[in-house]
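J.: I'd like to ask you about the structure that follows.
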Amino acid sequence: MPFFGGLLSLPSFVEQFPRIDTVSTTGSKESENARIEGTVVALYTVGCMFGALSCFKLGDKFGRLRTIAIGCTFIIIGSILLSTSFSLGQLIVGRLDLGLGFGAISATVPWIDLGFYFTDTSVSWRFPLAFPIVFALIILAFLPFLPDSPRWLVKKGRIEEARAVMAILEDVDENSPTVEEDIVKMQYSLEEMGKGSFKELLSNKEDRLLNRTLLPMFATFSQQINGIGVIGFYTTTIFEQFIGLSPTIARILSGSIYIWQLLCCFVTFWTVDRIGRRKLMMFGVVGMGACASIIAGAVSNAENSETCAMVAAVFVFLFAAFFGIGALGINYLYGTEVAPLAFRVPIYALSTTTLWIFNFLVVEVTPVGFANIGYKYYIVFACTNLLLLLPIIYFFLPETQQRSLEDMDTVFREAKNPFDVVKVSRHMKKIPASALGASKDRGIGRNGRIWDDEKLNEQKLENV
């Protein structure tokens, strides 16, 4: 987790693990330790990757709640291993195990780092490494009160339970037409797609499953390759070593940046269904690309200019803001909105695995990148955002705003090729849920069509 970066420069930590000490070493020894440090930090993401891959089987077999409970158990075990480490080997095993579980703790634990920074003993890093147990226990305590996913319940044939959950979500009676329409749409999608196998994900026939697999994978790929991993795992190092701030101020800012990022997410909350996913994602990558360019320029002269150091610190926060608005939540959301129902779990497992693969890549090479090219490392992410991510989002990612999974089925079936998906999505009239159950009344058969008079755009509807 990002809080680990706040411990790497603690005196008691580097004393316990001298092989990852990059604070008091120089030259070839610093480069060697930087490589080991990058691997130790990045191994957490390897655990996350295998944890995500396990959802291929666990996700549909046990359901979402039991899978979360298993993840929390791994978090507890990993945190115990980390906080009781006396050797580099145990630290590595703990990082891997924690990654298998993964907890939402990044916004809080940096402040724990700061609180224990003033302690000279090993408690200064052991307590922060044990603290994720608290979050895992809280999650486990609330799981019995949470309902299962209604789509998973439908897939398992537990229709009455799914109807009860949908009634709660819609705040209507279980026998209302709204709930019935939702259940029909879910059953329809499952029947159309079949049971869903990994082999079918490589097919790009009528349902364009390969296309719909690659888009969520790109969404999570873009979330990591934009440079947030550098900010997340090495915030304290950036403020302390590259911008030249004091250790205390560096840790205060490291804690603040996650609170700031969390607050910026509320902008997305209010705009995502008004502006749309595509525009926010493009806004995010343009902003992050610009910030990375300015950070590179400011850091290059931070040692000689206090103004440059402050500019660099400000734009690190702005980078986090653009990430919070245009990438933090939207990329996860987007993947769930383009994946067909029957293949949702394997596609989401692949997309999450992609996230951790590239998170590992970025975190692994970052210490070496900083050690060898310094501030120029930020230029890499400026180019990645502006020259790679922005064009792909613009040309290949269709808008999913206010569209159901069944609406997106139609979008991809209508598209002739990957370049056509955005165009079809832009001009397609939103399909009402009742259309699936009213094909005879409206004259829509297996090869029937609905016409958008304004755009002169045909849309096929499959009959239930």
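Numbering (the working numbering), first residue to last: 7 to 470. Ideal Cβ placement from N, Cα and C applies to all residues, glycine included. In this text, all values refer to a predicted model and were calculated from it rather than measured experimentally.
Identify whether leucine 152 lies in helix, strand or coil by the three-state DSSP scheme.
T.: coil
J.: As a quick exercise: from Glu420, Ala345, Gly235 and Ser18, pick the residue whose alpha carbon is nearest that of tryptophan 362.
T.: Gly235
J.: Which whole-angstrom value is the C-beta distance of methionine 294 and phenylalanine 328, which I expect to be below 8 Å?
T.: 5 Å
J.: Between the stretch 294-314 and the stretch 260-273, can you find at least three pairs of beta-carbon atoms closer than 8 Å?
T.: These segments do not touch.
J.: What alpha helix (DSSP H) runs, 4 residues minimum, are completely inside the stretch 336-390?
T.: Segments of the alpha helix (DSSP H) lying fully in the stretch 336-390: 336-344, 350-379 and 383-389.
J.: Closest to threonine 277 by C-alpha separation, out of Cys314, Gly341 and Gly332, would be which residue?
T.: Gly332
J.: Considering only the alpha carbon of each residue, which of Leu87, Ile281, Phe364 and Phe376 lies closest to glutamine 408?
T.: Ile281
J.: Looking at C-alpha atoms only, which residue of Glu186, Phe148 and Pro150 is the closest neighbour of glutamate 166?
T.: Glu186
J.: By how many angstroms is the C-alpha of proline 373 removed from the C-alpha of leucine 393?
T.: 24 Å
J.: Indicate whether the contact test is met: 3 or more Cβ pairs, each with one atom in the stretch 206-223 and one in the stretch 414-425, closer than 8 Å.
T.: yes
J.: Smallest Cα separation from leucine 152: which of Tyr400, Ile174 and Val160?
T.: For leucine 152, the nearest C-alpha among the options comes from Ile174.
J.: Hey, isoleucine 301 and tyrosine 384: beta-carbon distance below 8 Å or not?
T.: yes
J.: Determine the DSSP secondary structure at methionine 414, reduced to helix, strand or coil.
T.: helix
J.: Check whether the Cβ atoms of methionine 172 and isoleucine 145 lie closer than 8 Å to each other.
T.: no
J.: Starting from the C-beta of aspartate 459, find all residues in its chain whose C-beta is less than 6 Å away, skip the five residues before and the five after it, and write them out in chain order.
T.: Note that aspartate 459 scores a pLDDT of 36, beneath 50, so its modelled location is shaky; the value from the coordinates is reported in the next line. Cβ neighbours of aspartate 459 beyond the five flanking positions: none.
J.: So, helix, strand or coil for arginine 164, using DSSP?
T.: coil
J.: Which residues bound the alpha helix (DSSP H) around glutamate 312?
T.: 312-332
J.: Could you give the DSSP three-state label for aspartate 188: helix, strand or coil?
T.: DSSP, reduced to helix, strand and coil, places aspartate 188 within a helical segment of the structure shown.
J.: Just to check my reading of the structure: leucine 94 and arginine 25 have Cβ atoms closer than 8 Å, yes? What is that Cβ distance to the nearest angstrom?
T.: Yes, leucine 94 and arginine 25 are in contact; Cβ-Cβ is about 6 Å, under 8 Å.
J.: Output the distance between the C-alpha atoms of glycine 449 and leucine 411, rounded to the nearest integer angstrom.
T.: With a pLDDT of only 32 at glycine 449, under the threshold of 50, the placement of this residue in the model should not be trusted; the figure read from the coordinates follows. For glycine 449 and leucine 411, the distance between alpha carbons rounds to 23 Å.
J.: State the DSSP-derived secondary structure class of valine 99, mapped to helix, strand or coil.
T.: It is helical.
J.: If we count the other Cβ atoms within 10 Å of its Cβ and call it buried at 16 or more, is glycine 330 buried or exposed?
T.: buried
J.: Could you check whether isoleucine 231 and threonine 45 sit closer than 8 Å to each other, using their CB atoms as the reference points?
T.: no
J.: Can you tell me whether lysine 382 is buried or exposed, with buried defined as 16 or more other CB within 10 angstroms of its CB?
T.: exposed
J.: Comparing C-alpha positions only, which one of Cys314, Ile399 and Met434 sits nearest to methionine 288?
T.: With distances taken between Cα atoms, methionine 288 lies closest to Ile399.
J.: Whose C-alpha, out of Asn39, Asn423, Phe387 and Arg72, is nearest the C-alpha of glycine 233?
T.: Phe387
J.: Could you tell me if serine 431 is buried or exposed, where buried requires 16 or more neighbouring beta carbons within 10 angstroms of its beta carbon?
T.: Burial check for serine 431: the Cβ neighbour count within 10 Å reaches 16 or more, so the residue is buried.
J.: Report the rounded CA-to-CA distance for leucine 135 versus leucine 87, giving the unit in angstroms.
T.: Going by the C-alpha atoms only, they are around 9 Å apart.
J.: Determine the DSSP secondary structure at serine 37, reduced to helix, strand or coil.
T.: helix
J.: Determine the burial state of threonine 90: buried for a count of at least 16 other Cβ atoms within 10 Å of its Cβ, exposed for fewer.
T.: exposed
J.: To the nearest angstrom, report how far apart glutamate 206 and glutamate 197 are at their CA atoms.
T.: 15 Å
J.: State the DSSP-derived secondary structure class of valine 178, mapped to helix, strand or coil.
T.: Valine 178: coil per DSSP, three-state reduction.
J.: Between the C-alpha atoms of valine 427 and valine 273, what's the straight-line distance to the nearest angstrom?
T.: 28 Å
J.: Distance, Cα to Cα, alanine 318 vs phenylalanine 401?
T.: Distance between the alpha carbons of alanine 318 and phenylalanine 401 is about 32 Å.
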